[in-house]
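Offset between the sequence shown (1-based) and my numbering: plus 94.
Note that beta-carbon positions come from the ideal geometry of N, C-alpha and C, so glycine has one too.
First the structure, in the form of structure tokens, and then the observations on it.
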Amino acid sequence: MRNRAVATLAMAGVVSVALAACGSTSDNTTGAAPSGGASTSLQTKAGGAGGDVGVFTWWAAGSEKKGLDALEALFKEKYPNDKFVNLAVAGGAGSNAKAKLASDLQNNQPPDSFQGHAGAELADYIDAGQIEPVNDVIQALGGQSAFPKNLLDRLTVDGNIYSVPSNIHRANVVWANTAVLKKAGVNQPPKDIKSWIADMDKIKASGVSTPLSVSGTWTQVQLFENVLIADLGAEKYNGLFDGKTAWDSAEVKAAAADYKKLLSYTNTASDGDDWPVATDMVIDGKAAYNVMGDWAVAEFADKGKKQDQDWTWFPTPGTDGVFDFLADSFTLPKGAKNPGGTKDWLMLIGSAEGQKAFNLAKGSIPARTDVPKTDFPPYQQAAMDAFKSNTIVSSIAHGAAVSLAWNADISTAISKFYSSKDDATLVSDLAAAAKKNLG
Ligand code: GAL
Numbered sequence: 095m096r097n098r099a100v101a102t103l104a105m106a107g108v109v110s111v112a113l114a115a116c117g118s119t120s121d122n123t124t125g126a127a128p129s130g131g132a133s134t135s136l137q138t139k140a141g142g143a144g145g146d147v148g149v150f151t152w153w154a155a156g157s158e159k160k161g162l163d164a165l166e167a168l169f170k171e172k173y174p175n176d177k178f179v180n181l182a183v184a185g186g187a188g189s190n191a192k193a194k195l196a197s198d199l200q201n202n203q204p205p206d207s208f209q210g211h212a213g214a215e216l217a218d219y220i221d222a223g224q225i226e227p228v229n230d231v232i233q234a235l236g237g238q239s240a241f242p243k244n245l246l247d248r249l250t251v252d253g254n255i256y257s258v259p260s261n262i263h264r265a266n267v268v269w270a271n272t273a274v275l276k277k278a279g280v281n282q283p284p285k286d287i288k289s290w291i292a293d294m295d296k297i298k299a300s301g302v303s304t305p306l307s308v309s310g311t312w313t314q315v316q317l318f319e320n321v322l323i324a325d326l327g328a329e330k331y332n333g334l335f336d337g338k339t340a341w342d343s344a345e346v347k348a349a350a351a352d353y354k355k356l357l358s359y360t361n362t363a364s365d366g367d368d369w370p371v372a373t374d375m376v377i378d379g380k381a382a383y384n385v386m387g388d389w390a391v392a393e394f395a396d397k398g399k400k401q402d403q404d405w406t407w408f409p410t411p412g413t414d415g416v417f418d419f420l421a422d423s424f425t426l427p428k429g430a431k432n433p434g435g436t437k438d439w440l441m442l443i444g445s446a447e448g449q450k451a452f453n454l455a456k457g458s459i460p461a462r463t464d465v466p467k468t469d470f471p472p473y474q475q476a477a478m479d480a481f482k483s484n485t486i487v488s489s490i491a492h493g494a495a496v497s498l499a500w501n502a503d504i505s506t507a508i509s510k511f512y513s514s515k516d517d518a519t520l521v522s523d524l525a526a527a528a529k530k531n532l533g
């Protein structure tokens, strides 16, 4: 399978030399290569390489843009010779951006850096020969002494690291409106999907017609992946991606039935709806719950809402103790016009200072382990603890577990199901997608 080398190769050879990692304007850093990697010696120029640095993301609007803005401001300060060029394309989870990126890469018009997801998605770009190793940058940023090994493993293919992670998000979180729960007499987080459904009945009875909010297709894929984790458990869920768990097993069939039931408690979403539409329903008290990645924290903050007073969170029922992982990670594309500027950008986003600024605004947690936990608000502190102690599984909807092609096939099946509500066909479509993509 295409995920073959990702997450299996240990970074045992990374020399833990934490060099100046903060994008300082006076860096002239060198770093040793991870074992088996190409020769890596990072030279950066004080104040930056100069020239335009085009950065491609999907953080184009609202709370997500605030995270990018925080990075841009710091980049300008640390690398005054460089000019940040914002190439963001709107649409959560890269729903529009990924197609534009694919065509730019195909036409040899790469940006200087683009956002990708640690895991299977980045393996796609590596297999296609579209990105360069950045071992030197990772090394200069501190290598294994700065980044967790389980994250570096997910970024490593055949001994090389091809991107610099900016953050880690959790995708199995339910966000809830405190007042709506209180009114319905729902006082504690449900332990599994069945008891969650019972709570939704109470919420309906209290007068809220859509207990659970959803948006367009990728948010439905994410909801379904949450149900899979809850119903299969971490080990069997992981087995879906290496052929050990059949996609038409009894557990997946049960998950499809639970997912169908959950959808009966939701609003009617249109495919183009982006995630804030669903999260805002919780903020506005039109829904009790939304399952969303923890970029939702930034949306609550943006709307002036306070944890506990206005909103609360819990791991999706049945997934407590599991951390559904994804990480945004930035690349050096082959043929980038300004590779020196790209490396300045990568040094900035990988630095402790960059990670603090970005993650405070984004709701995620730093990929680095040396950013003080106490600098973050309670939700993120809890997420940091969970990442350390929980079982980590990879998100389907956000490129960690499956390739771009497999994700597209799963999305087609989920979108079809949204209209048909035929769970037997959903299961057979998913099994066919697995067969096609696992080979
Ligand atoms: C994910 C991405 C997150 C966030 C989210 C919603 O794919 O990793 O950082 O942007 O999409 O757009």
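Which residues DSSP lists as bridging residue i, in chain order
i: Q401; result: W405
i: S488; result: F419
i: S307; result: N384
i: T436; result: Looking at the DSSP assignment, T436 forms no beta bridge with any residue, so it has no partner.
i: I262; result: I459
For residue i, three-class secondary structure by DSSP
i: V315; result: helix
i: A527; result: helix
i: A270; result: strand
i: A292; result: helix
i: L275; result: helix
i: F452; result: helix
i: R462; result: coil
i: V251; result: strand
i: T360; result: strand
i: S514; result: helix
i: K192; result: helix
i: V496; result: coil
i: Q282; result: coil
i: A154; result: coil
i: Y331; result: helix
i: T410; result: coil
i: Q200; result: helix
i: G533; result: coil
i: A350; result: helix
i: S522; result: helix
6 Å Cβ shell around residue i - same chain, five flanking residues per side excluded
i: Y353; result: F318 and V321
i: L524; result: W341 and A507
i: S157; result: A392, E393 and D396
i: N190; result: V183
i: V465; result: A446, Q449 and K450
i: W218; result: A small fix is needed here, since residue 218 is Asp in this sequence, not Trp. Same-chain partners within the cutoff: S497 and L498.
i: M375; result: S307 and A381
Span of the beta strand (DSSP E), counted from its first residue to its last, around residue i
i: T425; result: D422 to T425
i: V179; result: D176 to N180
i: Q475; result: From DSSP, Q475 is part of no beta strand (DSSP E) but of the alpha helix (DSSP H) over P472 to S483.
i: G186; result: G186 -> no beta strand (DSSP E), and no H or E assigned at all.
i: Y383; result: Y383 to V385
i: F150; result: G145 to F150
i: G207; result: Here residue 207 is Ser; the residue named in the question, Gly, does not match the sequence. Counting along the chain, the beta strand (DSSP E) containing S207 begins and ends at S207 to H211.
i: V258; result: S257 to P259
Exposed unless 16 or more other CB atoms sit within 10 angstroms - verdict on residue i
i: N201; result: exposed
i: K172; result: buried
i: S197; result: exposed
i: Q578; result: Residue 578 is absent from the model: the chain starts at 95 and stops at 533.
i: S205; result: Looking at the sequence provided, one finds Pro at residue 205 rather than Ser. The residue in question, P205, is buried, as its Cβ has 16 or more Cβ neighbours within 10 Å.
i: T151; result: buried
i: D295; result: exposed
i: G412; result: buried
i: D325; result: buried
i: K515; result: exposed
i: T362; result: exposed
i: Q282; result: exposed
i: K482; result: exposed
i: T436; result: buried
i: K285; result: exposed
Any non-hydrogen atom of ligand 2 within 7 Å of residue i CB
i: L420; result: Here the bound small molecules are ligand 1; ligand 2 is not part of this structure.
Own chain residues within Cβ distance below 7 Å of residue i, not counting five before or after
i: K277; result: S300
i: C116; result: Reliability of the predicted coordinates at C116 is poor, the pLDDT of 33 falling under 50, and no value is obtained from them.
N-terminal and C-terminal residue of the alpha helix (DSSP H) that residue i is part of
i: A390; result: A390 to D396
i: K467; result: Looking at the DSSP string, K467 is not in any alpha helix (DSSP H), and its letter there is neither H nor E.
i: W369; result: W369 to I377
i: I220; result: A214 to D221
i: Q224; result: That residue, Q224, is in no alpha helix (DSSP H); it is neither H nor E in DSSP.
i: V231; result: N229 to A234
i: S343; result: Neither: S343 is in no alpha helix (DSSP H) and is coded neither H nor E.
i: G61; result: Limits of the chain in this structure are 95 at one end and 533 at the other, which puts residue 61 out of reach.
Nonlocal neighbours in the same chain, by C-beta distance under 8 Å from residue i, ignoring five residues either side
i: V267; result: V385, M386, G387, D388, A390, W407, F408, P409 and T410
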